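In my numbering, the protein residues as written are 147 to 259.
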């Protein structure tokens, strides 16, 4: 049975990729604040598949130092959250932790000039 309530978290500081059940946390009014809380600020969407979105902190490059990761060769600052999308609504992802671990490289903490 497909789990449609999960998100995949990319924790760049702790160099971990893990699953988080988001069904109870996502509602029409709370999705934005939930995603912002995980990434630590305003969110920006990055496509990671036809129906999957990676949410990152859009101001991650504006802080003096941050932890970085790359996915599919694209370097991003801070943490990430992968969710699915259905008709413009955030839903659980179909991807697995193992899928994402193969695509992510943790780059550590770097100063931003």
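Cβ atoms here follow ideal geometry from the backbone N, Cα and C, with glycine treated the same way.
It should be emphasised that the depicted structure is a prediction, and the values quoted were computed from it without experimental measurement.
Under 8 angstroms: do the region 224-243 and the region 179-199 share three or more Cβ pairs, one atom per stretch?
yes
Short check: CB of residue 180 to CB of residue 201, under 7 angstroms?
Contact check for residue 180 against residue 201 fails: the beta carbons are separated by 7 angstroms or more.
Looking only at its own chain, which residues have a Cβ that is under 8 angstroms from the Cβ of residue 216, when we skip the five neighbours before and after it?
222, 250, 251 and 253
Can you find the residues in the same chain that come closer than 7 angstroms, C-beta to C-beta, to residue 243, ignoring five residues on each side of it along the sequence?
154, 163, 164 and 165
With a threshold of 16 other CB atoms inside 10 Å of the CB of residue 168, please say whether the residue is buried or exposed.
buried
By the 10 Å Cβ neighbour count, where 16 or more other Cβ atoms means buried, how is residue 248 classified, buried or exposed?
exposed
What does the alpha-carbon distance come out to for the pair residue 160 and residue 234?
31 angstroms
Length of the line joining the Cα atoms of residue 176 and residue 236:
11 angstroms
Helix, strand or coil: which one does DSSP assign to residue 243?
helix
Residue burial classification, residue 258 (beta-carbon count within 10 angstroms, cutoff 16):
Sixteen is the threshold: since fewer than 16 other Cβ atoms of the shown chains lie within 10 Å of the Cβ of residue 258, the residue is exposed.
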